[in-house]
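2 protein chains.
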Amino acid sequence: MSAPVPGFARNTQLSTRIAAHLLAQIEADGLTTGARLPTEAQLARDFGVSRAVIREAIAQLRNEGLVETRQGAGAFVADMAARPIRLDAPQDMDSRAFQQLFQLRAPLEVEAAALAAHHRSAADIVRIKAALARFDQPEESADSSVAADLEFHRALAQATGNPYFVQFLTAISDRIAHVILAARAETPLDALHAQTRREHAAICAAIVAGDARAARAAMRAHLAGGAQRVGLQLDMSD
Amino acid sequence: MSAPVPGFARNTQLSTRIAAHLLAQIEADGLTTGARLPTEAQLARDFGVSRAVIREAIAQLRNEGLVETRQGAGAFVADMAARPIRLDAPQDMDSRAFQQLFQLRAPLEVEAAALAAHHRSAADIVRIKAALARFDQPEESADSSVAADLEFHRALAQATGNPYFVQFLTAISDRIAHVILAARAETPLDALHAQTRREHAAICAAIVAGDARAARAAMRAHLAGGAQRVGLQLDMSD
DNA sequence: TCGCGTTAATTTGTCTGATAACCTGACATA
DNA sequence: TATGTCAGGTTATCAGACAAATTAACGCGA
């Protein structure tokens with residue numbers, strides 16, 4: 050039922066190991082939502098370390114959303130359903146990892162375009178068109194060009210009315226943009242810029258028209274074009 | 050360029066406030082990857098708190114993947130591209146949030162099915178069939194039935210060969226399953242169980258056959274059926 | 001001059017003990 | 001019953017110290 054919680058592997062800190070140990074102990078004891086953990090002093094005795102280390106370990110579990118602490122009361126197992134979802138990026142972002150990240154992003158962008166075509170509000174359309182307009186200034190740095198690109202996709206995600214799409218697509222686009230900027234900091238982007246603008250305009254038109262099917266197709270074309278632009282081959286079947 | 054980092058709002062701990070302050074200061078100073086933060090002693094003086102609080106604040110940033118610390122060397126701004134992606138679940142998982150979570154999951158499951166049909170290995174097929182076989186025991190608790198369901202979807206995600214799909218779909222399915230189990234702990238699931246098994250079998254067959262289009266369709270049918278089973282209406286266009 | 005151990009200063013990691021802030025349950029009282 | 005008070009326990013924060021690791025300067029020999 051419970052998935053392994055990432056984030057405890059790379060670090061070999063004492064507090065990190067104890068956090069992992071503590072988590073295993075919680076699961077082994079079958080502690081569920083609301084169950085109380087032993088006191089810090091007790092845990093310090095059990096593990097044979099100082100209370101400071103125990104506090105750091107519990108703080109890690111708290112940051113993962115696995116436990117909650119209340120001053121004067123204790124530490125309690127948090128509601129697992131409300132635990133934040135975490136996606137670990139690789140330590141070395143090679144081309145393979147980059148392609149896999151793009152592969153994860155693609156279907157979400159396509160679906161977001163379709164949802165946006167269905168649920169867009171007047172305010173959404175204003176935001177999307179504003180983001181599109183930022184592309185019309187022809188001469189800009191690569192940095193601001195990418196920023197405008199991100200803003201367009203963010204506005205689109207917002208138009209889905211689903212905050213998860215906003216959070217996730219924003220985060221994943223941000224990582225991808227970072228990689229692109231780091232890789233090719235000094236590449237002429239003029240023609241690419243214009244092409245990107247055309248693709249964005251097509252997506253925007255489909256969303257304004259409320260045509261989900263066209264929005265999907267336009268987004269697929271945009272992603273395929275973007276992948277090609279950064280030297281990536283992507284199978285966008287269906 | 051940089052997205053706001055979630056997770057600092059609800060908690061009013063001193064160390065949490067200082068972590069947020071510290072992060073704002075990093076961004077304001079334009080510190081990029083590899084830049085070194087002031088020493089703990091210095092920060093303790095600056096903020097007028099003890100070193101323990103500073104350590105907890107830095108530990109939070111470290112857990113968010115924003116900084117890295119090396120004993121003897123100092124604390125450094127981490128590579129933003131490698132920062133883990135985090136998706137905050139809502140504090141109260143109402144039906145609306147549940148529907149939105151399902152809406153996020155659906156296109157990823159569909160894409161995963163298509164990717165699995167393309168990239169499945171012999172070992173993948175074995176795992177998927179094994180997960181399918183676990184469904185054949187008719188009499189089980191609702192808990193074990195959901196567990197078998199999760200295992201099937203996990204095996205499918207694994208067959209994509211993309212670890213991001215595994216991580217994300219596992220996590221999101223886990224949350225959804227928790228909600229389902231909590232909501233209807235005591236509901237007869239016999240007919241539903243059989244129906245789920247049929248849908249899984251259809252997906253499995255399409256993947257084994259290497260037919261991505263059929264896998265997509267079968268997964269869409271499965272998700273639509275699952276949504277209906279938990280009393281959710283889902284527009285699965287395209 | 002260049003390479004290479006050695007050393008000293010700096011910094012994070014851990015330990016110890018203490019105090020403040022807070023929560024919980026028992027108890028007394030009206 | 002309802003309420004206020006109190007005592008004990010727990011987490012949050014503070015202060016100081018030592019251990020462990022890194023870094024850079026230094027001296028020395030080739």
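Respectively, the protein sequence lines represent chains A and B. Add 49 to a position in the first sequence, counting from 1, and you land on the number used in this note's numbering. Add 49 to a position in the second sequence, counting from 1, and you land on the number used in this note's numbering. Glycine residues also receive a C-beta, built at the ideal position from the N, C-alpha and C atoms. Predicted, not measured: the structure shown is a model, and the values here were computed from it.
Leaving out the 5 sequence neighbours to the left and right, which residues in its chain are closer than 6 Å to residue i when beta-carbon positions are compared?
| i | result |
| --- | --- |
| A163 of chain B | A261, A264, R265 |
| A267 of chain A | A251, I252, A255 |
| A208 of chain A | A165, R169, D173 |
| A197 of chain B | R183, F184 |
| H249 of chain B | L181, F201 |
Between the Cα of residue i and those of the options, spot the shortest distance and give me the residue it belongs to.
| i | options | result |
| --- | --- | --- |
| F217 of chain B | B:V228, B:D185, B:L86, B:P133 | B:P133 |
| A171 of chain B | B:Y213, B:V228, B:L205 | B:L205 |
| A7 of chain A | A:S194, A:R169, A:A93, A:S144 | Nothing can be reported for residue 7 of chain A, as the shown portion of chain A is limited to 50 through 287. |
| F151 of chain B | A:A84, A:L157, A:D78 | A:L157 |
| L72 of chain A | A:R111, A:S99, A:R100 | A:R111 |
CA-CA distance, residue i and residue j?
| i | j | result |
| --- | --- | --- |
| R66 of chain B | A166 of chain B | 48 Å |
| E242 of chain B | R269 of chain B | Before going further, note that residue 242 of chain B is His rather than Glu in the sequence given. Between H242 of chain B and R269 of chain B, the C-alpha separation is close to 18 Å. |
| A130 of chain A | L115 of chain A | 10 Å |
| A273 of chain A | V159 of chain A | 11 Å |
| Q244 of chain A | F184 of chain A | 11 Å |
| N211 of chain A | Q149 of chain B | 6 Å |
| H70 of chain A | L63 of chain A | 11 Å |
| V102 of chain B | A93 of chain B | 8 Å |
| I75 of chain B | D95 of chain B | 14 Å |
| R278 of chain A | V279 of chain B | 43 Å |
| L281 of chain B | H271 of chain B | 13 Å |
| I177 of chain B | G259 of chain B | 14 Å |
| A58 of chain A | Q186 of chain A | A caution first: A58 of chain A carries a pLDDT of 37, below 50, which makes its placement in the model unreliable, though a value can still be read off. Approximately 46 Å between the Cα atoms of the pair. |
| P53 of chain A | T88 of chain A | Legend: pLDDT at P53 of chain A = 35, less than 50; position of this residue unreliable, value from coordinates given subsequently. Those two C-alpha atoms are separated by around 25 Å. |
| E113 of chain A | E113 of chain B | 9 Å |
| A77 of chain A | T61 of chain B | 31 Å |
With residue i as the anchor, note down where its beta strand (DSSP E) starts and where it stops.
| i | result |
| --- | --- |
| E117 of chain B | 116-119 |
| L136 of chain A | 134-136 |
Excluding sequence positions up to five away, which residues of its chain have a Cβ less than 8 Å from the Cβ of residue i?
| i | result |
| --- | --- |
| R203 of chain B | A180, V215, L218, T219, S222 |
| R119 of chain B | F125 |
| V195 of chain A | A226, I229, L230 |
| V98 of chain A | L63, I67 |
| L153 of chain B | I221 |
Identify the continuous alpha helix (DSSP H) that holds residue i and give its terminal residues.
| i | result |
| --- | --- |
| I123 of chain A | Per the sequence presented here, residue 123 of chain A reads as Gly, with Ile not at that position. Looking at the DSSP string, G123 of chain A is not in any alpha helix (DSSP H); the run it does join, the beta strand (DSSP E), is 123-126. |
| M268 of chain A | 261-278 |
| R100 of chain A | 100-112 |
| L72 of chain B | 63-77 |
| S144 of chain A | 144-168 |
| R94 of chain B | 89-96 |
| D173 of chain A | 171-182 |
If you drop the 5 nearest sequence neighbours on each side, which residues of the same chain put their C-beta closer than 7 Å to that of residue i?
| i | result |
| --- | --- |
| V228 of chain B | M142, F147 |
| V257 of chain B | I174 |
| G83 of chain A | F125, V126 |
| P55 of chain A | In this prediction, P55 of chain A has a pLDDT of 40, which is less than 50 and means its spatial position is unreliable; nothing more can be read from the coordinates. |
With a cut-off of 8 Å on the beta carbons, I'd call residue i and residue j a contact; round off their distance for me.
| i | j | result |
| --- | --- | --- |
| D192 of chain B | L230 of chain B | 7 Å |
| A226 of chain A | L199 of chain A | 6 Å |
| A68 of chain B | Q109 of chain B | 4 Å |
| A127 of chain A | E117 of chain A | 5 Å |
| Y213 of chain A | L136 of chain B | 6 Å |
| A90 of chain A | R104 of chain A | Contact doesn't hold; Cβ gap of about 11 Å is too wide. |
| G123 of chain A | R85 of chain A | 5 Å |
| R224 of chain A | A138 of chain A | 6 Å |
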